[in-house]
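Letter 52 of the sequence shown, counting from 1, is numbered 54 in the numbering used here, and no numbers are missing.
Built from N, CA and C at the ideal position, the CB exists for glycine as well.
The structure presented is a predicted model; accordingly, all values stated were derived computationally and were not measured.
One structure below.
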Amino acid sequence: MVPRFAVGDRLWVREAWRTHKAYDDLKPSEMGGDETVWPELDRDNCDAHGRYRHGRFMPRWASRLTLIVTDVRVERLQDCSQDDAIAEGIERGGFGTLWGWLAYGEGNPHHQRHFSDPRESYRTLWDSINGDGAWAANPWVRAISFDVIKANIDNLPEVAA
Numbered sequence: 003m004v005p006r007f008a009v010g011d012r013l014w015v016r017e018a019w020r021t022h023k024a025y026d027d028l029k030p031s032e033m034g035g036d037e038t039v040w041p042e043l044d045r046d047n048c049d050a051h052g053r054y055r056h057g058r059f060m061p062r063w064a065s066r067l068t069l070i071v072t073d074v075r076v077e078r079l080q081d082c083s084q085d086d087a088i089a090e091g092i093e094r095g096g097f098g099t100l101w102g103w104l105a106y107g108e109g110n111p112h113h114q115r116h117f118s119d120p121r122e123s124y125r126t127l128w129d130s131i132n133g134d135g136a137w138a139a140n141p142w143v144r145a146i147s148f149d150v151i152k153a154n155i156d157n158l159p160e161v162a163a
């Protein structure tokens, strides 16, 4: 398995977005780059916001986040550490004193089951995405670590270089 990225590579992040409704008829390629962009994640319900646009259509100039690759590894899935599992985005949850890492999948309505080990939570997330038994198959995976820079890739501060 050949890693797709190398340490030092810079990647621009695409995310769901909107512009002012006056630009709803324009394709992203027809925009000049001066339009205000609202990432969907941060959007309020302002009447000026135009239609929803999928992240795959976000032009490079509109990106607000850049990833700088800091480490690239090829490893077996089950070799991930607890910190790796947490970095994958699993969530904590619970009731009263019963807190832990969520169990994912159809067998856990309202996320009532929890694990003390974040790797167990990640196992259920992996299987919920890739199918039952996907974790047990223990495939080779690319593990990519990166720093997040809150700036457009074409406007990075020199310290991030």
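In the DSSP assignment, residue 122 falls within the unbroken alpha helix (DSSP H) covering 120-132. For residue 77, the beta-bridge partners assigned by DSSP are 143. Beta-bridge annotation (DSSP): residue 148 is paired with 71. Cβ contact annotation for residue 16 (same chain, cutoff 7 Å, sequence separation greater than five): 57, 58, 60, 65, in chain order.
With a cut-off of 8 Å on Cβ pairs, the segment 83-102 is not in contact with the segment 23-31, counting fewer than three such pairs. Taking C-beta separations shorter than 6 Å and ignoring five residues to either side along the sequence, the partners of residue 62 in its chain run 14, following chain order.
Rounded to whole angstroms, the separation of the alpha carbons of residue 141 and residue 135 is 11 Å. Straight-line measurement puts the Cα of residue 33 at about 42 Å from the Cα of residue 95. With contacts defined as CB atoms closer than 8 Å, residue 106 and residue 79 fail to qualify as a contacting pair.
When C-beta atoms of the segment 68-78 are compared with those of the segment 137-152, three or more pairs fall below 8 Å, so the two segments count as touching. For residue 49, no alpha helix (DSSP H) run applies, since DSSP gives it neither H nor E.
Around the beta carbon of residue 54, fewer than 16 other beta carbons sit within 10 angstroms, so the residue counts as exposed. For residue 44, there is no enclosing alpha helix (DSSP H), as DSSP marks it with neither H nor E.
In this structure, residue 124 sits away from residue 151, with a CB-CB distance that is not shorter than 8 Å. For the pair residue 21 and residue 42, the CB atoms are not nearer than the 8 Å cut-off.
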